[in-house]
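Listed in order, the protein sequences are those of chains A and B. Heads up: the first sequence at position 207 corresponds to 207 in the numbering used here, and the numbers run straight through without jumps. Heads up: the second sequence at position 273 corresponds to 273 in the numbering used here, and the numbers run straight through without jumps.
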Amino acid sequence: MLQEMLAADELCPEDQGALRATGFLVRNFKLLSREQWLEDTMNHTSRAFLGLTMHCAKCHNHMYDPVTQADYYRMRAVFEPHNVRTIRVPGQPDTSKDGLVQAFDADPKAPTYLFVRGDERNPDKSRTLAPGVPASLGGELEVKPVILPSQAVNPDRREFVIQETLKASSKLVSDAESALSSAEASPLPSEKLRLEHKLAAARARHSALVALLAVEAIEDKGLKGSEQWVRLAKSALVEQRKQAVLDAEQDLEGLKTALRTAEEKVKVLPATAAKAASDMLKAEAAEAAGKIAPAEKLLATARTAMTAPVTTAYTPRATTSYPAESSGRRLAFAKWLTDRQNPLAARVAVNHVWARHFGQGLVPSTSDFGRNGQPPSNPELLDWLAAHFMANGWSMKELHRLIVTSRAYRLSSTSEAANAKRDPDDVFLWRYPSKRMESECVRDNILFTSGHLDETRGGPDLDQNLALTSQRRSIYLRTAAEKQSEFIQVFDGASVTECYERRPTVMPQQALALANSELTQRESRYLAAETTKVVGTDNLRFVKEAFLRVLARPATDAEAIACSQFLTAAPKKLPGIVTTATVSDADSAIRARQNLVLVLFNHNDFVTIR
Amino acid sequence: MNDPKTNSRQCQGVTRRSFLADTGMGFTGLALGAMFSSEGGAHADAAVRGYERPDGRPYSSPTAKAVIWIFLCGGVSHLESFDIKPELTKYGGKSIEDTPHKDVLDPKRLNANIIGGNPAHGNRKTIMPLQAGYKAYGKSGLIVGDWFRNIGEHADDLAVVRSLWTLDNDHGAQLTFQTGRHVREGAHPTLGSWVCYGLGSLNQNLPEYVVLGQPTGDCCGGAWTHGAAYLGPQYSGVKLAVDSKHPLPYVAPPEKGTTHEEQAANFSLLGRLNNLAGIDYPDDANLRARIKSYELAFQMQSSVPETLELEKENSVTRASYGIDRPETRVFGEQCLAARRLVERGVRFIQVFHGGGGGGAWDAHSEIKGNHSQLANQVDKPIAALLGDLKQRGLLDSTIVVCGTEFGRSPGAEGTGRDHHPHGFSAWLAGGGIKGGIAHGATDELGFHAVENRHYVTDIHATVLNRLGLDSHRLEVPGRKRLAIDHGSPITEILA
């Protein structure tokens with residue numbers, strides 16, 4: 001996984017799933033500043049995988065710092081060639097709606113210079129720095145350029161793109177056919193003529209596309225220049241010439257129609273009409289008339305071209321192609337990073353996973369294993385976990401399993417006098433340190449509890465403003481600068497560029513979100529109705545069932561009594577009672593049950609993991 | 001040993017009974033902010049020997065307890081506001097190189113303090129004459145540009161600092177003014193968050209740190225300009241819209257949702273259940289904080305909208321803030337809301353004007369039109385705020401600060417002035433601040449701060465000093481701050 005995050009495009013360039021992992025690099029993208037972009041890439045790569053803060057070395061050598069300024073720029077050279085691109089995914093031709101954003105080497109030969117005092121205006125051009133890794137970490141990079149498969153070089157030549165392009169083109173033809181047939185009865189001959197031209201042009205365009213794809217297929221087989229290729233290329237040229245004529249005819253006919261229409265409208269304009277109206281029509285007519293001569297000329301050129309000798313000089317399909325070779329620098333770096341001899345990456349990785357389960361890493365400063373960070377509370381455990389992780393082929397799943405089945409993880413969170421005195425901060429994990437759920441889990445948990453969580457995987461991101469109404473999991477909500485869900489942010493959502501540690505807070509805004517948001521109000525009503533279906537009218541049974549469903553634990557006797565009292569004490573009739581499609585609120589007892597579920601969504605135990 | 005199967009239910013020092021007594025009933029006059037602890041940070045803090053989280057008490061006797069921090073986004077010309085330079089008119093149209101002041105262009109001086117500045121800005125050499133008139137105000141005779149004549153009327157309450165400098169010659173300096181750090185260094189705690197971290201809240205019904213107006217755009221710090229970074233989001237500013245119907249997210253249940261009476265019953269049951277659950281976890285600080293947070297939240301649902309009901313102010317007051325006029329209405333409402341927040345015990349109120357993008361005051365062209373129009377929006381409301389606070393006796397315990405990220409260049413950029421980080425002005429007024437003085441100076445062209453130079457964090461240190469705090473003693477272990485982050489109080493303007 002680590003290798004894929006840094007270099008999937010070099011490691012497995014045809015694996016669409018793995019390419020997504022390079023989103024790790026993509027998120028540093030800065031349209032306005034390549035400098036900031038690369039600086040962030042360096043910063044987050046070193047912090048995320050090496051637990052090193054390197055940014056000081058950008059400007060100078062630091063007497064206590066094992067990373068020199070030259071080290072910094074050598075590592076920057078690893079990333080210098082890379083850029084980001086968005087390629088098509090099946091089912092969506094418009095990459096602005098959905099697409100695969102990935103890293104790739106746009107300029108494999110991009111040079112890296114050391115910036116004197118870190119100032120990009122002042123590069124030391126006397127020497128180009130080769131890619132490398134900090135000397136103090138040992139090892140070296142073995143950079144081998146990667147020859148990319150044609151799919152990666154020409155993503156638009158992927159089979160599904162070709163099929164979808166053909167399908168779209170056929171659809172244009174059939175649309176034009178049905179438009180024409182439904183216009184057969186039209187009293188306007190000009191309209192019919194226009195549609196005839198449109199259909200002819202669509203057919204020609206489709207034929208040209210088919211011919212072009214045939215040429216591409218031959219080229220992809222490495223047969224460019226062969227006899228077969230020559231024949232297909234010539235036929236593509238012929239089809240393209242036909243298309244040019246029909247396109248030109250269609251344009252010309254359109255202009256003529258526009259001119260006629262405008263002229264006729266001027267004629268029938270009543271004498272009382274405003275001068276502005278007739279001026280506007282006249283201007284329209286003049287504009288169309290002005291374009292007719294050039295259009296006629298284009299058509300003549302296209303017709304003349306039909307008679308020229310047929311060659312193989314067809315116009316290739318308008319596709320974007322990329323360098324055929326990748327520098328291999330990031331792959332070499334990723335291999336160095338995940339080499340058994342690398343002292344840091346595995347330790348940093350297991351520490352991250354540990355921190356997610358225990359609220360705090362064995363090294364609390366998860367992104368800084370250096371002198372400014374904090375030392376590990378249990379170095380032997382960290383080393384053992386790292387070794388175990390590598391021995392199991394860097395399996396994250398196995399690591400999670402190991403941690404959550406450990407005794408430390410299963411300990412209760414209650415206190416114990418002697419231990420609390422000796423180790424008040426639970427550094428040695430004598431109890432499970434309780435923690436608040438991450439914000440995404442808070443939202444997902446509400447939906448999961450009510451039975452509404454939609455666990456569909458994948459797809460384009462969702463508008464962040466759908467957080468309260470969508471039932472999809474929170475990870476699919478858009479999170480970009482200035483585009484983050486309010487609900488997620490209230491519960492300390494992650495920053496856009498980094499998420500080394502979550503720092504959950506306790507704030508009144510969170511209380512308001514859980515008490516007042518449309519989400520909790522709606523889901524509590526629904527869950528109260530669902531629970532009532534199971535338990536009937538018995539209030540005590542309702543309380544017990546609601547505790548199990550919302551807090552995943554039985555109610556204590558005291559809690560059951562308090563809640564039962566709440567249900568029976570509820571006012572018999574309330575003004576302004578809610579009615580929804582699924583729940584009838586006419587009965588105040590139902591309303592009281594809804595409120596009880598809402599209270600449980602606000603319970604400390606609902607957001608706390610113990 | 002804690003066995004997973006048999007929960008041990010005792011705890012050092014806290015009995016079930018005392019826990020219930022502690023958390024059962026409302027507030028006990030403790031500083032709320034100091035009680036909310038960051039779940040992430042609390043452990044690490046306590047582990048450091050000798051470090052104690054602030055307890056909400058000032059270190060020295062304070063002269064003020066609240067701050068209104070007005071920030072004008074985009075860079076206000078110091079030259080036509082609070083640091084008038086007649087030499088500019090004298091040499092107008094000439095190149096700086098052709099004046100006796102050409103040494104201001106010495107590259108060493110120009111580059112001395114600018115980190116990663118944007119090379120596109122600077123090098124404006126043709127002197128632009130003053131674009132506004134000016135006059136002396138009050139007993140002090142403080143000179144103020146005509147665009148700010150209403151604020152000028154309060155000259156005897158103002159301490160103008162004319163010798164500020166900053167790090168960045170681009171609008172990232174907006175963040176620098178709030179945290180002291182260059183935008184490239186990311187998020188650091190803002191002054192407001194330090195104040196709340198150090199002192200906690202003065203009230204039980206409202207957030208302690210409130211943000212009004214549109215903050216800076218993401219280019220220039222975004223949410224960081226009112227954030228708390230490593231101090232934890234509970235010390236970050238809460239954005240309120242001056243709209244009593246929708247002042248903050250989820251302030252009221254949706255239409256047809258729970259009624260107020262139901263909610264009171266719900267919160268009462270919730271408090272009871274959380275306390276019952278707490279019996280097993282008597283040392284869980286987060287549970288206690290959550291119980292308290294629900295109490296504050298319940299209050300905020302009514303207190304926040306009530307505070308922002310500006311229509312309750314009489315028409316004379318509203319008119320004094322310019323709420324009856326379209327050009328001053330928006331900022332006037334924000335200034336009036338700031339006064340109402342101070343009255344109700346909000347500790348730190350940050351009011352942004354012209355936020356978003358580079359900032360409205362960024363007059364690269366047509367500075368005359370730009371600045372006269374924007375000054376027209378803020379001059380009257382700010383003057384009204386000073387007068388109103390004074391009249392109500394609140395100015396003695398409130399510090400008002402008015403700042404901007406940098407000044408504007410003495411040299412012309414067409415009809416505008418460029419960014420200018422080498423010398424610019426800000427002013428302070430109120431509790432413990434001397435009135436009617438101008439401290440520090442730029443050179444004759446207003447180019448470099450030359451006398452009593454101050455980096456922006458000296459303003460922070462001054463404010464903290466008046467509140468009875470010392471940023472050195474607020475420092476968080478593991479978060480090394482530099483001398484330049486702390487700054488030093490500007491003793492010459494302390495009353």
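Note that beta-carbon positions come from the ideal geometry of N, C-alpha and C, so glycine has one too.
- In this structure, I459 (chain B) sits near A426 (chain B), with a CB-CB distance shorter than 8 Å.
- The beta carbon of T258 (chain B) falls within 8 Å of a beta carbon belonging to chain A, placing the residue at that interface.
- Close to chain B, meaning a Cβ-Cβ distance shorter than 9 Å, are the following residues of the region 411-424 of chain A: L411, S412, S413, T414, S415, E416, A417, A418, N419, A420, K421, P424.
- Using beta-carbon distances, S303 (chain B) does not count as an interface residue toward chain A, since no partner is under 8 Å.
- Counted as a single uninterrupted DSSP element, the beta strand (DSSP E) harbouring Q350 (chain B) occupies residues 348-353.
- At least one beta carbon of chain B lies nearer than 8 Å to the beta carbon of V506 (chain A).
- Under the three-state reduction of DSSP output, N392 (chain A) falls in the coil class, being neither helix nor strand.
- Q3 (chain A) and A334 (chain A) have their C-alpha atoms spaced approximately 5 Å apart.
- V490 (chain A) has a beta carbon lying within less than 8 Å of a beta carbon in chain B.
- Its chain contains R27, N28, D40, H44 as the residues whose beta carbon lies nearer than 8 Å to that of T497 (chain A), once the 5 sequence neighbours on both sides are disregarded; these appear in chain order.
- Listed by position along chain B, the residues whose Cβ is nearer than 8 Å to that of H603 (chain A) are L270, L273, N274, A277.
- In the DSSP annotation of this structure, the continuous segment of the beta strand (DSSP E) that includes N83 (chain A) starts and ends at 82-87.
- The Cβ-Cβ distance between S471 (chain B) and A64 (chain B) does not fall below 8 Å.
- Take L281 (chain A), set aside five residues on each side of it, and the residues of its chain with a beta-carbon closer than 6 Å to its own are A262, K265, V266, in chain order.
- At a cut-off of 8 Å between C-beta atoms, R290 (chain B) counts as an interface residue with respect to chain A.
- As DSSP reads the structure, R27 (chain A) sits in no beta bridge.
- Q263 (chain B) has a beta carbon lying within less than 8 Å of a beta carbon in chain A.
- In this structure the region 200-215 of chain B touches the region 293-304 of chain B; the number of beta carbon pairs closer than 8 Å is three or more.
- Nearest to Q521 (chain A) by C-alpha distance, out of A:E501, A:R593, A:Q464, A:L462, is A:R593.
- Cβ neighbours of V146 (chain A) within its own chain (closer than 6 Å, five residues either side excluded): E10, S326, G328.
- Proximity of the region 407-414 of chain A to the region 360-368 of chain A falls short of the contact definition, fewer than three beta-carbon pairs being nearer than 8 Å.
- When the beta-carbon positions are compared, V476 (chain B) and L191 (chain B) stay at least 8 Å from each other.
- Look at C12 (chain A) here: in three-state DSSP terms it is coil, with no helix or strand label.
- Shown here, P123 (chain A) sits in a strand according to DSSP, grouped into three states.
- Counting C-beta atoms within 10 angstroms of its own C-beta, M1 (chain A) has fewer than 16 neighbours from the protein chains shown and is therefore classed as exposed.
- Within the model, the alpha-carbon separation for S409 (chain B) versus K480 (chain B) is close to 35 Å.
- For a Cβ distance threshold of 7 Å, nothing in chain B lies close to F104 (chain A): the least Cβ distance comes to about 27 Å.
- The Cβ atoms of V348 (chain A) and M396 (chain A) do not sit closer than 8 Å to each other.
- Setting aside the 5 residues that flank it on each side, V238 (chain B) is surrounded in the same chain by P207, Y209, V210, V211, L248, each with a C-beta closer than 8 Å to its C-beta; the list follows chain order.
- For a Cβ distance threshold of 8 Å, nothing in chain B lies close to A528 (chain A): the least Cβ distance comes to about 13 Å.
- Collapsing the DSSP output to three states places K65 (chain B) in coil.
- Sixteen is the threshold: when 16 or more other Cβ atoms of the shown chains lie within 10 Å of the Cβ of M75 (chain A), as they do, the residue is buried.
- Taking CB atoms only, G213 (chain B) has no neighbour in chain A less than 8 Å away.
- About 6 Å separates the CB atoms of T176 (chain B) and V456 (chain B); that is less than 8 Å, so the two are in contact.
- If the five residues before and after R541 (chain A) are omitted, its C-beta is found closer than 8 Å to the C-beta atoms of V535, all from its own chain and listed in chain order.
- The contact set of M300 (chain B) on chain A, defined by CB atoms closer than 8 Å, consists of P508, L512 in chain order.
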